[in-house]
Each structure stands twice: as structure tokens, then as C-alpha cells.
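Since the structure comes first, as C-alpha cells, the remarks are kept for the end.
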Amino acid sequence: MKPNIGIINALIRITCGFTLLAIATAKLSRRNPQESYLLVAILAAMKIGEGIVRFCPLTYLYNEYKEDDEQRKEHDTAINPT
């Protein structure tokens, strides 16, 4: 895995991830926890992991789609139907 996000982006992801994880953990420690905070905790942990390894799967997929789209446009303009 090659890093596809910058250092500043990674630090922002780590900070926001730890903040959301702290909030979700505090809400889950109540007597009647809601399941929606468990999802928030999982997503926050994912953001922390993305920041540590500096790899985002959604950014990777977006860049791959964009490259495929550019190649498709080059191929489409090379063929003149007239």
C-alpha cells in the first residue's frame, strides 16, 4: 500500500478519529447504550487507522476511477466516426 494522503490530512484524520472515538466511548459507557454509537466508534477507529498508515481506500478508488475515465475519454476522441 502506497500512501495516498498527505501528512496534514493524516493528522486531521487522527485528531477527528480520536475525538469521535472519545465521544462514542463516553456515550456507550451509559447503562442503556445505543447501537448507533457503536457504529460511530467503528468509523472513528477506521479514521484513526487511515491516518496512521496514510492510506484511504475511498481516495484510492476515486483516483482509479478518474484515471480510467481519462483513458476512456482519450480512447473515445481518437476514433472519428465520420
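Start counting the sequence shown at 1; every next residue gets the next number (the UniProt record's numbering).
We treat Cβ as the ideally placed atom computed from N, Cα and C, and that holds for glycine.
Quick caveat, the model's predicted, so the values are computed rather than measured.
- Between the C-alpha atoms of I12 and Q71 there is a straight-line separation of about 33 angstroms.
- Distance between R30 and Y37, taken at the CA atoms: about 11 angstroms.
- Pairing E50 with C56 gives a Cβ-Cβ distance under 9 angstroms.
- In summary, G6 is exposed, with fewer than 16 beta-carbon neighbours lying within 10 Å of its beta-carbon over all protein chains present.
- Measuring C-alpha to C-alpha distances from A24 to each of L43, K66, T59 identifies L43 as the nearest.
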